[in-house]
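Using full-length UniProt numbering, the letters of the sequence shown map in sequence onto residues 1 to 178.
Heads up: the structure comes next, in structure tokens.
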Amino acid sequence: QIYNRAAYCIHAAIHRARPDVDAAAHAHSIYGKAFSTLGKTLDMTNQDVCCFYEDHALYPNFGGVVVADEESANIVKYLGNKKALILQNHGILTIGRTIEECVAWYIRLEKSCHTQLLADAAANGTNSTTIKIGHEEAKHTYVPLTRNDLIGNPHAGWFSGTPYFDIIDAETGGSYKV
1 QIYNRAAYCI HAAIHRARPD VDAAAHAHSI YGKAFSTLGK TLDMTNQDVC CFYEDHALYP
61 NFGGVVVADE ESANIVKYLG NKKALILQNH GILTIGRTIE ECVAWYIRLE KSCHTQLLAD
121 AAANGTNSTT IKIGHEEAKH TYVPLTRNDL IGNPHAGWFS GTPYFDIIDA ETGGSYKV
């Protein structure tokens, strides 16, 4: 049987370590891959990226194609209990309790990498800096204290991801379903 050994190593390690995770997404997307070369996490510069406030990390090593248990174990260690991981010089990864949540976080992470690349380039080109959201404001945006519409919680991820699957369902007539 043909399968992607590197993908299997990463995903299997995540599922072994995180029983709360039903889905993991990882790819070498254009903006995720470009941002990963900076070797840092995202800045909290806009409302959308605040869904990753203290909920994403950087895996600062690149050990080549992940085909060893040690490398996948290190990726899981850096992911910890977070929902997203930037793999330096590699790409991005997200997890979710549902496939919809996982996909929503992946799309949001890719777009956030793109946004920060653009903002940083614009700031550099105008000899200025980007304005960061303060910690209290980012925390409040991630987890409002008195409301149930948290932008960083699993339900918000599921809610944001569901329309993507509705579109696929409408375009395919559900032919992808088992």
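C-beta: ideal position from N, C-alpha, C; glycine also.
A quick note: this is a predicted structure, and the numbers were derived from the prediction, not measured.
Spatial neighbours of residue 34 in its own chain (CB-CB distance under 8 Å, excluding positions within 5 residues in sequence) are listed in chain order as 113 and 117.
Residue 141 is classed as buried because its beta carbon has at least 16 other beta carbons within 10 Å across all chains shown. Following the DSSP letters along the chain, one finds residue 170 inside the alpha helix (DSSP H) bounded by residues 154-172. One Cα belongs to residue 97, the other to residue 109, and the distance between them is close to 17 Å.
For residue 104, same chain residues with a beta-carbon under 6 Å away, outside a window of 5 residues either side, are 157, 160 and 161 in chain order. Inter-residue distance for residue 120 and residue 171 is about 37 Å (C-alpha atoms, whole angstroms). Judged by DSSP secondary structure, residue 23 falls within the beta strand (DSSP E) whose first and last residues are 23-27.
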